[in-house]
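Under this note's numbering, think of the first position of the sequence shown as 207, with each following residue one higher. Worksheet: the structure to be examined is printed underneath.
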Amino acid sequence: MIVVEPTHLKAIADAAEAAYPNECCGLLVGTGRRPVRVTRLLPAANLAGSSGNRFELDPRVRLDAERSLRGTAERVIGHYHSHPDGSALPSPTDLAEAWEPELIWLIVGVVDGQAIQTQAHRLDRALGRSRPVALATRK
Ligand SMILES: [Zn+2]
207 MIVVEPTHLK AIADAAEAAY PNECCGLLVG TGRRPVRVTR LLPAANLAGS SGNRFELDPR
267 VRLDAERSLR GTAERVIGHY HSHPDGSALP SPTDLAEAWE PELIWLIVGV VDGQAIQTQA
327 HRLDRALGRS RPVALATRK
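Here it is, written out as structure tokens:
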């Protein structure tokens, strides 16, 4: 299970709508294992730009995050991105690029510029499958 605060979910939905018709992306920083709790979002540039239905998270954001979180209780627990005019399910492209099976993928489906659904998944490229992760909010 992943626990995400409503303010964070709202921020991700807003980013997804602002990036439309392109994909937004960013890192999820958090703590814990069962459940994993999101503590912060780190928005990142999508280096794939307007090249269509994919994203390429700026690797510098990841490197900076790993460096600054070293020795703290927080870690990079996953990332988020949007699917313009798509569902909140992982795409074949996502699965092909899922190199880190421990990361949680938060995906926002955006239709006509409106974020309609957010789901969490774990993707395993080696096994060629994705599995849903329960998403809970807290107030
Ligand atoms: Zn995707």
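Quick reminder that beta carbons are idealized off the backbone N, C-alpha and C, glycines included.
- Pairing Gly292 with Arg260, the inter-Cα distance amounts to about 11 Å.
- Per the coordinates, the alpha-carbon of Ala302 lies some 8 Å from the alpha-carbon of Gly334.
- A contact between stretches requires three or more CB pairs, one per stretch, nearer than 8 Å, and the region 215-224 meets this requirement with the region 314-321.
- Under the DSSP assignment, Pro249 falls in the beta strand (DSSP E) whose first and last residues are 242-250.
- Scanning its chain for C-beta atoms nearer than 6 Å, with the 5 sequence neighbours on each side dropped, one finds around Leu253 the residues Glu262, Asp264, in chain order.
- In the three-state reduction of the DSSP assignment, Thr324 falls in the strand class.
- Ligand 1 approaches Pro296 closely enough that one of its heavy atoms is under 7 Å from the residue's Cβ.
- For Pro265, the uninterrupted alpha helix (DSSP H) run begins and ends at 265-275, by DSSP.
- The beta carbons of His285 and Gly232 sit about 6 Å from each other, so the pair counts as a contact at 8 Å.
- In this structure, Ile313 has its CB closer than 7 Å to one or more heavy atoms of ligand 1.
- One alpha carbon belongs to Gly238, the other to Pro227, and they sit about 34 Å apart.
- Approximately 6 Å separates the beta-carbon atoms of Leu312 and Leu234; this is inside 8 Å, confirming the contact.
- Here Arg328 really is in contact with Pro307; their C-beta atoms are around 7 Å apart, less than 8 Å.
- Ranked by Cα distance from Val317, the options Leu215, His214, Ala225 are led by Ala225.
- Rounded to whole angstroms, the Cβ separation of Pro241 and Thr343 is 12 Å, and the two are not in contact under 8 Å.
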